[in-house]
Amino acid sequence: MGLSITQSLARTHGGELKVESFVGQGSVFTLHLPVEVADEPIGMKTNLTFHEPKDNSPIRLLVVDDDDVNRLVFCTTLQRVFINAWIDQAANCTEGFEKMSAFTYNLVLIDLVMPDIDGAEVVRRIHSQSSEPFCSVPVIAFTANLSKRPSMLMRRQSSKKLFLSPLIDTC
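If you read the sequence shown in this note's numbering, its first letter stands for residue 862, the second for the next number, and so on.
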């Protein structure tokens, strides 16, 4: 399954995965991905400030993604980094809003391409709220979608506390 996913991702990015297998010797996997040199750096905000809870309580994170596997990977990775973190999950944006109304989060991670409400719209709604906890929560928006539309839309709609993941969003 891993090779199939890797091959699919490579093709999506305009690349290819090659396999050479030798009986009794093993296999060689080669991943080719096209790379473009940018004329100038993309203006991404990287000066995010993370505030530890003042009362020594565990940090609370919310992962919003409609893909079960992506949520599992994010939550597992986050739990390794933030050992004492309380990590909530939401399978869609509506559920994410409900959880944000019930709990205060230190960070929200959200997929931009969602079935019920576009992730860019969710971030806009979060940051347009004038009251806590919505207006000040940092958001990391991510996507596997290669179209330029999601990241361009996000840059126009939100000017604060937004980080577009350069590892996934290659636009």
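Note that the Cβ used here is the ideal one computed from N, Cα and C, for glycine as well.
Residue pairing by DSSP leaves residue 960 without any beta bridge partner. Nearest to residue 897 by C-alpha distance, out of 890, 878 and 874, is 874. In this structure, residue 921 sits near residue 964, with a CB-CB distance shorter than 8 Å. As DSSP reads the structure, residue 952 sits in no beta bridge.
Ranking 885, 960, 890 and 884 by CA distance to the CA of residue 877 puts 890 first. Separation of residue 979 and residue 888 (C-alpha to C-alpha, rounded to the nearest whole angstrom) is 42 Å. In the structure shown, the three-state DSSP call for residue 923 is strand.
Here residue 878 is bridged, per DSSP, to 892. Classified as exposed, residue 938 has fewer than 16 neighbouring CB atoms from the shown chains inside 10 Å of its CB. In the structure shown, the three-state DSSP call for residue 883 is strand. Residue 998 is positioned such that its CB atom lies closer than 8 Å to that of residue 969. Taking every protein chain shown into account, the CB of residue 863 has fewer than 16 other CB atoms within 10 angstroms, so this residue is exposed. Residue range 929-942 is occupied by the alpha helix (DSSP H) that includes residue 935. Rounded to the nearest angstrom, the gap between the Cα atoms of residue 952 and residue 1004 is 15 Å. Looking at the backbone, the Cα of residue 928 and that of residue 989 are separated by about 26 Å.
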